[in-house]
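A.B. asks:
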Amino acid sequence: MSRQTWIIILTGISMGVLGVLLSVWGNPENSGICISCFMENSAGALGLHGNARLQYLRPELPGFVLGAAFSSLIAGEFKPRSGNSPALRFFSGIFLIVGCAIFVGCPIKMLLRLCAGDLTAAIAAAGLVSGVWIGLQLLARGVDLGSQQKTNPMSGFLVPLLFALLLLFVLVPPAFVIASTEGSSSRHAPVLISLASGLFIGVIAQRSRFCITGSLRDILLMGRRAPQLSGFAAFALSATIASLATGGMRVSLYGQPGAHLEHFWSFLGMLLVGWISVMIGGCPFRQLVKAGEGDTDAGMAVLGMFLGGALVQSWGIAATAAGVPIYGKVAALAGIAFSLLVSLFLRNRLAD
Amino acid sequence: MTHDNLDRSLWIAFFLIVVAALALPFLPLGNTAATNATPSSRANDQKLLREARLLIIQKRYESVESLMKSQQNQQALLKLEEIVRSYPSDPHAFILKGELLASMGAPTEAAASFAQGVKLEGAYVDKNSPTSRRESISHLVESELAKSKSLSSGTSPQTRLNDIRYLQSRLAGGCE
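These protein sequence lines are chains A and B, in that order. Okay, so the first sequence: first residue is 1 according to the numbering used here, each after it adds one. Okay, so the second sequence: first residue is 1001 according to the numbering used here, each after it adds one.
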């Protein structure tokens, strides 16, 4: 096995184990790592939405971005770059979080839920694979958001600097940053442990280019030859073992933490996430890592994800254990309509 | 990056501005009245709201609580119905109704009432909330799940199980 494959495996193991352990150390059940939940919590902490039970500036987020920035700067891979569809990427970021909010979790949390025995995540996994497959088919038929060019260093540093500011807010909280005293956001691992975990994962994910939807894309394209398959398998295996070892494993369709039983909408939510992720080149986590590497396109998606985190709470889009609200269903369909329009208008038909 | 005097001046100005911005929160130069008027008191506002809520609960449900203590369950239920008509989005009425119905041997209706209350306010399943009713809700869920296991799976009414499963999921934790 190549050195790169070993790094991918190490990343998979680290994310699987830390994803479970962060819950043991205090994060909500099955939410040790969840980019969409962290976005919603952090948007709330900055006063962007008013749900008093979902406000906490999660230290893992600046950890991921700054870890990736640090790693890419050391390795000489920090390359400020940009494309030509910033608004589309911004809206894609919003709809990524909409899709996640319908399922209640990002692709990483989906895998963590599945590895903890939450069978409701299985249908969402089918949705994610379907979305990645649709995205791949459309990419092969010429849908392209445009190529990237080298850009000025200032642009590449802006999003990492924003997250450095958020890190400062985590370490020295100003008075305007809110922290929930009740609800799932009041539950969190110790700040320094969360931050260290985030930084470590940011560093190794930057080195390995690990991404859940990217792995699925490669597996669909190359089958068993895909190097990302080993990372994906390592994640699933280590998360399952960690769940068993920590007593978090409970195989059931019912009574799962933060899960609802509207399977069709879980499927559709994750389909949307898979589809958009393939269009913009990575799942929500990968967007954070790429933004840390100076990719301003990913930076636009991350800013969209932040706004999405606020909107899903403010507009009553996010699903809960009670089910998917009507606005959530409308938003999921709007996301699919958006993806269809992007596919129609950004298709290079000469590629056929 | 420092090609000429303008570049150097811009960098110096930049560093001075950054130092000033960093130092400003620690200097006693700010207009404290203006600072106090900013959203800095959001956390305090939320705390005040929680305290106000507890006082409202205490005042609004005093009569219900006393009826419950004196075992006058039917009267307490009627009083709760009256409160629900006046304040349909107050979750506390549904939680108290759930407790009453459970004690009166109507678990299906109790589960529906608990579920409605928790949907309106999740704090009722939080361990550390001052309004927590986690114990009575989990007691009902456990007994109902045990009952549904003892029956053959096809005989349990779906509507009854939906509320129990929702409460079970909320008791399990996770994100909301």
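Glycine included, every Cβ here is placed at the ideal spot set by N, Cα and C. Computed from a predicted model, the values in this text were never measured in an experiment.
1) Report the residue from Ser230/A, Ala245/A and Ile123/A whose alpha carbon sits nearest the alpha carbon of Leu21/A.
2) How about Pro80/A: is its C-beta nearer than 9 Å to some C-beta of chain B?
3) Note down, in chain order, all residues in the stretch 251 to 274 of chain A with a beta-carbon under 8 Å from any beta-carbon belonging to chain B.
4) Should Pro28/A go down as buried or exposed, given a rule of 16 or more other Cβ atoms within 10 Å for buried?
5) Write down the C-beta distance between Ala68/A and Gly292/A rounded to the nearest angstrom, noting that I regard them as a contact closer than 8 Å.
6) Let's see if you can read the secondary structure: which residues bound the alpha helix (DSSP H) around Met15/A?
7) Do you know whose CA, among Cys1175/B, Lys1127/B, Ser1129/B and Ala1112/B, lies nearest Leu1167/B's CA?
8) Report the rounded CA-to-CA distance for Gly1154/B versus Asp1163/B, giving the unit in angstroms.
9) For Asn152/A, go through chain B and note every residue whose CB falls closer than 8 Å to its CB, in chain order.
10) Can you find the residues in the same chain that come closer than 6 Å, C-beta to C-beta, to Val17/A, ignoring five residues on each side of it along the sequence?
11) Would you kindly work out how many angstroms separate the C-alpha atoms of Ala1110/B and Ser186/A, rounded to a whole number?
12) What is the rounded straight-line gap between the Cα of Ser366/A and the Cα of Ser14/A?
13) In this structure, what does DSSP give as the bridge partners for Asp118/A?
14) Establish whether the CB of Glu1176/B and some CB of chain A are separated by less than 9 Å.
15) Kindly indicate if chain A contains any beta-carbon less than 9 Å away from that of Ala1052/B.
16) Less than 7 Å between C-beta atoms, sequence neighbours within five positions excluded: which residues of the same chain meet that for Ile123/A?
17) Taking CB distances under 9 Å as the criterion, tell me whether Leu1055/B reaches chain A.
18) Using the Cβ count rule (16 or more neighbours within 10 Å means buried), how would you classify Asn1044/B?
19) In this structure, does DSSP put Gly281/A in helix, strand or coil?
20) Between the Cα of Leu253/A and those of His1139/B, Gly1173/B, Ser1169/B and Ser1132/B, spot the shortest distance and give me the residue it belongs to.
21) To which residues of the same chain is Arg207/A closer than 8 Å at the C-beta, ignoring the five residues directly before and after it?
22) Under a CB-based cut-off of 9 Å, is Ala1123/B close to chain A?
23) Can you determine whether any heavy atom of the ligand NAD sits closer than 8 Å to the C-beta of Ser31/A, and answer yes or no?
24) At 4 residues or longer, what runs of the alpha helix (DSSP H) sit wholly inside the stretch 186 to 232 of chain A?
25) Buried or exposed: which applies to Thr1002/B, given that a residue is buried once 16 or more other Cβ atoms fall within 10 Å of its Cβ?
26) Using the Cβ count rule (16 or more neighbours within 10 Å means buried), how would you classify Ser1009/B?
27) Under a three-way DSSP split, which group does Val143/A fall into?
28) Report the option in Lys1059/B, Leu1067/B and Ser1148/B whose CA atom is closest to the CA atom of Leu1100/B.
29) Less than 6 Å between C-beta atoms, sequence neighbours within five positions excluded: which residues of the same chain meet that for Val203/A?
30) Is it the case that the Cβ atoms of Ile276/A and Gly131/A are separated by a distance below 9 Å?
31) Using a Cβ cut-off of 9 Å (strictly closer), state whether Cys34/A contacts chain B.
32) Just to confirm, is the Cβ distance from Gly304/A to Gly93/A under 9 Å?
33) Quick one: which chain E residues come within Cβ less than 9 Å of Gly1098/B?
34) Residues of chain B with a CB under 9 Å from the CB of Leu54/A: which are they?
35) Closer than 7 Å between beta carbons: that is the criterion. Which residues of the stretch 1159 to 1174 of chain B meet it against chain A?
36) Could you say which of Leu341/A, Asp297/A and Val312/A lies nearest to Thr151/A if we only look at CA atoms?
C.D. replies: Per the coordinate set shown:
1) Taking the first sequence and counting its residues from 1, one reaches residue 21/A at position 21. Of Ser230/A, Ala245/A and Ile123/A, the residue nearest in Cα terms is Ala245/A.
2) Reading the first sequence from its first residue, position 80 is the one you call residue 80/A. Chain B contact via Cβ: absent.
3) Tyr254, Gly255, Gln256, Pro257, Gly258, Ala259, His260 and Leu261
4) If you number the first sequence from 1, residue 28/A lands on position 28. Pro28/A should be labelled buried.
5) Sequence index remark: in the first sequence, residue 68/A carries index 68 (1-based). Sequence index remark: in the first sequence, residue 292/A carries index 292 (1-based). Their Cβ separation, rounded to whole angstroms, is 3 Å, which keeps Ala68/A and Gly292/A in contact under 8 Å.
6) For this step, residue 15/A is matched to residue 15 along the first sequence. Residues Arg3 to Val24.
7) Reading the second sequence from its first residue, position 167 is the one you call residue 1167/B. Residue Ala1112/B is the option with its Cα nearest to Leu1167/B.
8) Along the second sequence, read from residue 1 onward, the residue named residue 1154/B stands at position 154. Along the second sequence, read from residue 1 onward, the residue named residue 1163/B stands at position 163. Here Gly1154/B scores only 49 on pLDDT, less than 50, and its place in the model should not be relied on; the value that follows carries that caveat. C-alpha separation (whole angstroms): 17 Å.
9) Here residue 152/A refers to the residue found at position 152 when the first sequence is read from its first residue. Ordered by position in chain B, no residue passes the 8 Å Cβ test against Asn152/A, which lies about 12 Å from the chain.
10) Numbered from its first residue, the first sequence carries residue 17/A at position 17. These residues qualify, in order along the chain: Ser238 and Ala242.
11) Position 110 of the second sequence, counted from the first residue, corresponds to residue 1110/B. Position 186 of the first sequence, counted from the first residue, corresponds to residue 186/A. Answer to the nearest angstrom: the Cα atoms are 28 Å apart.
12) Outside the displayed range of chain A (1 to 352) lies residue 366/A, so it cannot be described from this structure.
13) Counted from its first residue, the first sequence places residue 118/A at position 118. BP columns for Asp118/A point to Ser252/A.
14) The residue you call residue 1176/B lines up with position 176 of the second sequence. With 9 Å as the cut-off, Glu1176/B counts as an interface residue toward chain A.
15) In the second sequence, the residue the question calls residue 1052/B occupies position 52. Chain A contact via Cβ: absent.
16) In the first sequence, residue 123/A corresponds to position 123, counting from 1. Excluding positions up to five away in sequence, the list reads His263, Ser266 and Phe267.
17) Translated into positions along the second sequence, residue 1055/B becomes position 55. By this cut-off, Leu1055/B is not an interface position.
18) Within the second sequence, the letter at position 44 stands for residue 1044/B. Per the 10 Å Cβ criterion, exposed.
19) Your numbering for residue 281/A matches position 281 in the first sequence. Looking at Gly281/A - three-state DSSP - the assignment turns out to be coil, as it is neither helix nor strand.
20) Taking the first sequence and counting its residues from 1, one reaches residue 253/A at position 253. Closest by alpha carbon: Ser1169/B.
21) As a working note, residue 207/A is residue 207 in the first sequence. Ile7, Thr11, Ser71 and Ala75, listed in sequence order.
22) Walking along the second sequence from the start, residue 1123/B turns up at place 123. With 9 Å as the cut-off, Ala1123/B counts as an interface residue toward chain A.
23) Ligands in the displayed structure: none, and consequently the ligand NAD is not present.
24) 191 to 208 and 212 to 222
25) The residue labelled residue 1002/B in the question sits at position 2 within the second sequence. Thr1002/B is exposed by the Cβ-count criterion.
26) For this step, residue 1009/B is matched to residue 9 along the second sequence. So Ser1009/B counts as exposed.
27) Residue numbering aside, residue 143/A sits at position 143 when the first sequence is read from its first letter. Here Val143/A sits in strand by DSSP.
28) In the second sequence, residue 1100/B corresponds to position 100, counting from 1. The option with the nearest alpha carbon to Leu1100/B is Leu1067/B.
29) Taking the first sequence and counting its residues from 1, the one referred to as residue 203/A is at position 203. Excluding positions up to five away in sequence, the list reads Gly67 and Ser71.
30) The residue given as residue 276/A occupies position 276 in the first sequence. The residue given as residue 131/A occupies position 131 in the first sequence. Closer than 9 Å, so yes.
31) Position 34 of the first sequence, counted from the first residue, corresponds to residue 34/A. Closer than 9 Å: yes.
32) Indexing the first sequence from 1 puts residue 304/A at position 304. Indexing the first sequence from 1 puts residue 93/A at position 93. Yes. Within cutoff.
33) Looking for chain E here will not work: the only protein chains present are A and B.
34) Sequence index remark: in the first sequence, residue 54/A carries index 54 (1-based). Within 9 Å Cβ-Cβ: Cys1175 and Glu1176.
35) Arg1165, Tyr1166, Gln1168, Ser1169, Arg1170, Ala1172, Gly1173 and Gly1174
36) Counted from its first residue, the first sequence places residue 151/A at position 151. That would be Asp297/A, whose Cα lies nearest to the Cα of Thr151/A.
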